[in-house]
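Report on one structure; see the data block that follows.
Numbering (the UniProt record's numbering), first residue to last: 1 to 351.
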């Protein structure tokens, strides 16, 4: 199954309507999810809040905001992501990111910037405790029995009692278990320090690769590492991340952009050409088993996303390589991922 997703980032855009429009366009094309970046390094709207506004204006497309694990409280982060899953009825994801600069650290004044290895180790611990907190309510913990006045079965709420290297969390969460059980966790696994965290905790790993060989090598490593962590490698989706410039319309891709692959730039791997050649690239990489799909960032958000949906996606659908409708309603269903069992209900964890 081919998986496609797109970024809806718009520099200097603060009106919700523009994000709703792009998300609806992606949904019309049947894309698995859209992402919205966020960082403490520059001004801009809060990605999670924006996609919470987009949620009631869409019905199927997954919504994946970037939320950093650095300088933030793990308990609050997991509750916010769980809330997005509730308001979207099971379409939430979480792109895990770290904040590595001293400038970002000074905004909070709590600590200095840390090495990438330290930050990604912490991010892994946050991903771990988030899953525990999502499971701290069993699915049937809410009774809502008016006759007896009982709202919650306290035997089905659990303390997680997590001790990390830099924080501890007792739990349980303040938000009931999300509709997906665990909202989908996404990690950019291009750089080495993030790769271990992605292999252990991510449902979707993004790889910025300029060649099929590079993308395939990272995918193989991620799957091997996931297996070493006791995971089934088939539960990890690896998507190639490309910046796409479809401004040339139906013209052939520039040399080095189409056919053999994108061109490496300072902004990352860039494909520049037409929707048809992009469909050829997607088809070749996917059918050769190099990646499970693509995460595409439009160079010109409105123009390129429209050409992506009406051109590239339409062609892939015509070839029978991509869905023409959503078979399910949750992001996990779009990705072919099972809803996780509750670790406390299954193992009988203490409350």
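Where is the CB? At the ideal position from N, CA and C, for every residue including glycine.
ask   = Alpha carbon to alpha carbon, what distance is there between residue 344 and residue 170?
value = Rounded to the nearest angstrom, the two C-alpha atoms are 14 Å apart.
task = With a cut-off of 8 Å on the beta carbons, I'd call residue 322 and residue 316 a contact; round off their distance for me.
result = Their Cβ separation, rounded to whole angstroms, is 4 Å, which keeps residue 322 and residue 316 in contact under 8 Å.
key: residue 230, buried or exposed, once every other Cβ within 10 Å from all chains shown has been counted against 16   = Within a 10 Å sphere around the beta-carbon of residue 230 sit fewer than 16 other beta-carbons, which makes this residue exposed.
query = Buried or exposed: where does residue 146 fall if 16 or more other Cβ atoms within 10 Å of its Cβ makes it buried?
reply = Burial call: exposed.
query = When the Cα atoms are used, what is the spatial distance from residue 336 to residue 200?
reply = Computed Cα separation, rounded: 18 Å.
ask   = Quick one: Cα of residue 126 to Cα of residue 186, how far?
value = Each residue's Cα considered, the two are about 13 Å apart.
query = Is there contact between the segment 62 to 71 and the segment 27 to 35, where contact requires at least three CB pairs shorter than 8 Å?
reply = Cβ pair count under 8 Å is three or more, so yes.
inquiry  = Considering only the alpha carbon of each residue, which of 79, 75, 247, 28 lies closest to residue 163?
reply    = Measuring from the Cα of residue 163, the nearest candidate turns out to be 75.
query = residue 98 lies in the alpha helix (DSSP H); which residues open and close that run?
reply = Residue 98: not part of any alpha helix (DSSP H); DSSP gives it neither H nor E.
request  = Report buried or exposed for residue 251, applying the criterion of at least 16 other Cβ atoms within 10 angstroms of its Cβ.
outcome  = In this prediction, residue 251 has a pLDDT of 49, which is less than 50 and means its spatial position is unreliable; what the coordinates show is noted afterwards. Answer is exposed; the Cβ neighbour count stays below 16.
request  = Would you grab the beta carbon distance between residue 278 and residue 309 for me? Rounded to a whole angstrom, and I think it's under 8 Å.
outcome  = Wrong, their Cβ atoms sit about 12 Å apart, outside the cutoff.
inquiry  = Taking DSSP's pairing of strands, which residues face residue 188 in a bridge?
reply    = BP columns for residue 188 point to 206.
query = Under three-state DSSP, which class holds residue 148?
reply = Coil, per DSSP.
inquiry  = Buried or exposed, going by whether 16 or more other CB atoms sit within 10 Å of the CB of residue 117?
reply    = Counting of Cβ neighbours within 10 angstroms places residue 117 among the exposed residues, the total staying below 16.
query = Taking the continuous alpha helix (DSSP H) assigned at residue 161, which residues delimit it?
reply = Here residue 161 belongs to no alpha helix (DSSP H), and DSSP marks it neither H nor E.
query = According to DSSP, is residue 21 helix, strand or coil?
reply = In the three-state scheme derived from DSSP, where H, G and I count as helix and E and B as strand, residue 21 is classed as helix.
request  = Taking residue 139 as part of the beta strand (DSSP E), name the residues at either end of that continuous run.
outcome  = That residue, residue 139, is in no beta strand (DSSP E); it is neither H nor E in DSSP.
key: For residue 124, three-class secondary structure by DSSP   = Helix at residue 124.
query = From residue 198 to residue 149, what does the alpha carbon distance come to, in whole angstroms?
reply = Distance between residue 198 and residue 149, taken at the CA atoms: about 44 Å.
Proximity winner among 190, 132, 246, relative to residue 276 (alpha-carbon distances) = The shortest Cα separation from residue 276 among 190, 132, 246 belongs to 246.
inquiry  = Going residue by residue through the segment 269 to 294, where are the continuous alpha helix (DSSP H) segments of at least 4 residues, counting only ones entirely within it?
reply    = Runs of the alpha helix (DSSP H) inside the segment 269 to 294: 275 to 287.
task = With DSSP as the reference, please indicate the residues paired to residue 298 in a beta bridge.
result = The partner list for residue 298 (beta bridge, DSSP) reads 244.
DSSP state of residue 259 mapped onto helix, strand, coil = Note that residue 259 scores a pLDDT of 45, beneath 50, so its modelled location is shaky; the value from the coordinates is reported in the next line. The DSSP-derived three-state label of residue 259 is coil.
request  = Determine the extent of the alpha helix (DSSP H) in which residue 334 is found, giving its start and end residues.
outcome  = Segment 331 to 335, the alpha helix (DSSP H) holding residue 334.
ask   = What is the residue span of the beta strand (DSSP E) that residue 5 lies within?
value = Looking at the DSSP string, the run of the beta strand (DSSP E) that includes residue 5 is 3 to 7.
message = Is the separation between the beta-carbon of residue 205 and that of residue 238 shorter than 7 Å?
response = Less than 7 Å separates the beta-carbon of residue 205 from that of residue 238.
request  = Thinking residue 338 and residue 269 are a contact (beta carbons under 8 Å), I'd like their distance in whole angstroms, please.
outcome  = The pair is not a contact, with the Cβ atoms about 31 Å apart (cut-off 8 Å).
task = Identify, in the order they occur along the chain, each residue of the same chain with its Cβ nearer than 6 Å to the Cβ of residue 215, setting aside the five sequence neighbours on each side.
result = Within the same chain, residue 215 has close Cβ partners 207, 209, 240, 290, 291.
ask   = Grouping DSSP H, G and I as helix and E and B as strand, with all else coil, what is residue 75?
value = DSSP, reduced to helix, strand and coil, places residue 75 within a helical segment of the structure shown.
task = Whole angstroms is fine: what's the gap from residue 348's alpha carbon to residue 175's?
result = With a pLDDT of 47 at residue 348, under the threshold of 50, the predicted position of this residue should be treated as unreliable, though the coordinate-derived value follows. A straight line joining the alpha-carbon of residue 348 with that of residue 175 spans about 20 Å.
task = Taking residue 44 as the reference, give the member of 59, 15, 54, 72 with the closest Cα.
result = With distances taken between CA atoms, residue 44 lies nearest to 15 out of 59, 15, 54, 72.
inquiry  = Checking the sheet assignment: what are the DSSP bridge partners for residue 33?
reply    = Residue 33 is bridged to 5, 62.
task = Would you kindly work out how many angstroms separate the C-alpha atoms of residue 106 and residue 120, rounded to a whole number?
result = The alpha-carbon atoms of residue 106 and residue 120 are separated by roughly 19 Å.
inquiry  = Looking at the secondary structure, which residues open and close the alpha helix (DSSP H) in which residue 230 lies?
reply    = In the DSSP annotation of this structure, residue 230 is not part of any alpha helix (DSSP H), being labelled neither H nor E.
Which residues DSSP lists as bridging residue 237, in chain order = Residue 237 is bridged to 204.
ask   = In or out: residue 259 buried (at least 16 other Cβ within 10 Å) or exposed?
value = Any reading at residue 259 needs caution, since the residue's pLDDT is 45, under 50, leaving its predicted position unreliable; the model's value is listed next. Looking at its Cβ environment, which holds fewer than 16 other Cβ atoms inside 10 Å, residue 259 is exposed.
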